[in-house]
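Single-structure report; data block below.
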Amino acid sequence: MAHFIVVPQWQGSSSARAMQLTDGALAIAGDLPRAACTLIDVPAEAGEEQGTGVRRYSTLERVRALVAQAAGDNEQVVVVGGDSSVALGALEALADAETAVLWLGAHPALHSPDTSPTSALHEMTLRCALGEGAPGLAADPNSISAGRVVLAGARDFDVAEQVIADELNIRSLSVDELADVPTALRSTGASKLYIHVDLDVLDPAAISGLSRPVPFGAVPEMLVSTIRAARAELPLIGASIAEFSPASPAAAEDDLSVVLRVIGALA
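Residues 1 to 267 in the numbering used here are what the sequence shown lists, from first letter to last.
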């Protein structure tokens, strides 16, 4: 059975709906087996930048360490956010140079503190995972290789993100190319797989609880089949799902059937 690390963290988000990410994580947790969950105690305070160029850095760095510890203590980990930066601790604990990372989301998260227009960490998560970013958040640069990243479903690149994606030669597949994910993973030469899902990879018509919706996303069936096909290609070492920000408890209930289908594919 998968072990779920629930991280109701909002501090990495730039959205006006950031606080609802906490509600989203807890709503998901309410439908998961309690014995299979670890709830991370996210500090109530926003946190300080501390000269890093990352808003709320102090809290985010602390939570990253807590998630890394929890991920290292369990097997078959699925991290439930919260904003997308909840993935950083799990990647630190679980991934290495032999790991392919399948990143499913509308936004590529390839900004740095120097390029991000908001200084929010969820705009920098994948860049940090590749070893570039603020100290305490950026991974070991010898861990995950850009050549083993497959970015899928991204359709809202800022100019700076497109530049770094091109410089690093990151494989990027459109929503219409999701069927090519297994081939792309195979071409990385990796021996194992980590999957991250930002729920905004889905089309806004399929789920309302998105703080940064982008049109022309995947339908749930397509996302679930992509995850399953990826898992059939490489053994899964861990996963994360993030960016669920329902407007109300009733709205969360409306979306949970979709969210839980995605979690079922990851778990």
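Glycine is no exception: its CB is placed at the ideal position from the N, C-alpha and C atoms.
| Item | Value |
| --- | --- |
| Rounded separation between leucine 32 and aspartate 83 - CA only | 19 Å |
| Counted within 10 angstroms of its Cβ, other Cβ atoms place glutamate 243 as buried (16 or more) or exposed | buried |
| Entirely enclosed alpha helix (DSSP H) segments - the segment 8-44, minimum 4 residues | 20-29 |
| Distance, aspartate 114 Cα to valine 224 Cα | 35 Å |
| Buried or exposed (CB count within 10 angstroms, at least 16 for buried), phenylalanine 4 | buried |
| 7 Å Cβ shell around valine 269 - same chain, five flanking residues per side excluded | Lying outside 1 to 267, the shown extent of the chain, residue 269 is not represented and no answer is given. |
| Beta-carbon proximity list for valine 262, same chain, < 8 Å, skipping 5 on both sides | Val197, Leu199, Pro220, Leu223, Val224, Ile227 and Ile241 |
| Residues that DSSP places opposite alanine 251 in a beta bridge | Beta-bridge pairing links alanine 251 to no other residue. |
| Counted within 10 angstroms of its Cβ, other Cβ atoms place proline 246 as buried (16 or more) or exposed | buried |
| Glutamate 75 burial status per 10 Å Cβ neighbour count (16 or more: buried) | exposed |
| Of the residues Trp103, Ser14, Arg127 and Gly24, the one placed nearest leucine 193, counting alpha carbons only | Trp103 |
| Glutamate 167 classed as buried or exposed, judged by whether at least 16 other C-beta atoms fall within 10 angstroms | exposed |
| Separation of leucine 202 from glycine 105, as counted between CA atoms | 8 Å |
| Ranges of the alpha helix (DSSP H) found wholly within the segment 63-142, counting only runs of at least 4 | 87-94 and 125-129 |
| Anticipated Cβ contact below 8 Å, alanine 184 with leucine 173, distance rounded | 6 Å |
| For serine 240, the three-state DSSP class (helix, strand or coil) | strand |
| Extent of the continuous alpha helix (DSSP H) to which serine 187 belongs | 181-188 |
| Inter-residue Cα distance where the pair is aspartate 180 and glycine 217 | 16 Å |
| Leucine 60 in three-state terms, based on DSSP | helix |
| Close Cβ partners of alanine 93 (< 7 Å) along its chain, the five nearest in sequence each way excluded | Ala68, Ala71 and Gly72 |
| Of the residues Ala29, Glu233, Ser119 and Ala252, the one placed nearest threonine 99, counting alpha carbons only | Glu233 |
| Per-residue DSSP class, three states only, for serine 257 | helix |
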